[in-house]
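My numbering applies: residue 32 is where the sequence shown begins, and numbers increase by one. Everything below concerns the one structure shown next.
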Amino acid sequence: MSKTILKFNSHSYHLNLFFKQLSAFQSQSKSVVPIQMPCYNNSSKFLSGVIRTLSTSTSRCRSNSANHYDILGITPKATQGDIKSAYYKLSKIYHPDISSDETSAKKFRAISEAYEVLGNVKLKKMYDKGLLGGRMPKVEYEPEPEPTDPTLKFYKSRGHRREVPTMDGRQPIYDFDSWSKHHYGSLFEKSRYEKEYLKKKREKQIDTEHSNRQEAFLYFIVCLGGLFIFLVSQGTTNYDLDRTGEKKDLNSTE
């Protein structure tokens with residue numbers, strides 16, 4: 032039902048636009064002719080023209096909708112993270128600070144324009160449904176003249192690295208440094224934490240193995256010392272004992 036209402040509103044909009052243009056043309060002519068509805072005999076030509084206009088506008092909407100995805104190199108099923116990643120990568124390639132030719136400037140404007148629509152969830156939904164008939168207005172990016180003072184030129188170059196030119200002259204739509212820190216900072220922090228955790232775990236494991244080896248070696252030394260003492264005690268003769276009585280007993284038995 033909502034699609035039917037939208038189509039009806041679009042048709043009525045084009046009809047009103049047609050009659051407004053026709054009335055403006057007649058008011059500018061020398062002989063003012065009252066506006067009349069097309070006659071019944073030319074109704075087929077009139078309707079065919081209206082249908083042709085509507086089909087052309089619809090095809091333009093679809094082509095514009097497809098172009099935004101083609102420019103960023105993504106599909107309509109892409110998530111907001113994919114859209115941001117694609118915009119970030121392409122902006123790094125075609126940014127005016129990196130590439131100063133006109134082709135890259137046009138490409139960067141198209142990328143920024145596509146991201147303004149697809150980077151917004153509500154605008155993306157409207158764009159996918161074909162409710163955004165045309166692209167957003169473009170404003171040519173004109174770089175500021177370079178200062179002659181070397182000091183001013185240095186500070187301008189340092190500050191210009193953080194600026195992102197937009198199509199409408201407003202504040203930058205995105206800051207590459209803050210986005211990279213926010214997007215990749217957590218990944219780097221997590222990777223660093225995992226590396227430190229694995230390193231500490233490995234060091235702890237090595238210390239445990241080393242202590243176990245020392246303990247086993249100590250037990251081995253103690254056992255070996257006890258065995259040595261036992262063997263020595265069994266193999267030696269105690270000369271302090273009086274064994275003459277034992278010899279007499281042996282002789283008497285013989």
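Quick reminder that beta carbons are idealized off the backbone N, C-alpha and C, glycines included.
Buried versus exposed, by CB contacts within 10 Å (16 or more), residue i
| i | result |
| --- | --- |
| residue 115 | buried |
| residue 122 | buried |
| residue 249 | exposed |
| residue 253 | exposed |
| residue 117 | buried |
| residue 21 | The structure shown does not extend to residue 21, since the chain is modelled only from 32 to 285, so the question has no answer here. |
| residue 100 | buried |
| residue 156 | exposed |
| residue 140 | buried |
| residue 70 | Reliability of the predicted coordinates at residue 70 is poor, the pLDDT of 44 falling under 50, and the value obtained from them is presented with this limitation in mind. Its Cβ having fewer than 16 others within 10 Å, residue 70 is exposed. |
| residue 68 | At residue 68, the pLDDT of 45 sits below 50, so the modelled position is not reliable and the matter cannot be decided from this model. |
Beta-carbon proximity of residue i to residue j, cut-off 8 Å
| i | j | result |
| --- | --- | --- |
| residue 136 | residue 102 | no |
| residue 142 | residue 119 | no |
| residue 162 | residue 148 | no |
Length of the line joining the Cα atoms of residue i and residue j
| i | j | result |
| --- | --- | --- |
| residue 130 | residue 138 | 11 Å |
| residue 219 | residue 227 | 12 Å |
| residue 266 | residue 255 | 17 Å |
| residue 239 | residue 223 | 24 Å |
| residue 106 | residue 229 | 38 Å |
| residue 98 | residue 128 | 25 Å |
| residue 113 | residue 236 | 40 Å |
| residue 152 | residue 104 | 18 Å |
Check: residue i C-beta below 7 Å from any heavy atom of the ligand FAD
| i | result |
| --- | --- |
| residue 240 | With respect to the ligand FAD, the structure shown offers nothing to examine, as it has no ligands at all. |
Spatially closest choice to residue i from the options, by CA coordinates
| i | options | result |
| --- | --- | --- |
| residue 110 | 134, 150, 133, 132 | 150 |
| residue 108 | 133, 132, 159 | 159 |
*Enumerate, from N- to C-terminal direction, the unbroken alpha helix (DSSP H) stretches of 4 or more residues contained entirely within the stretch 94-135.*
111-125
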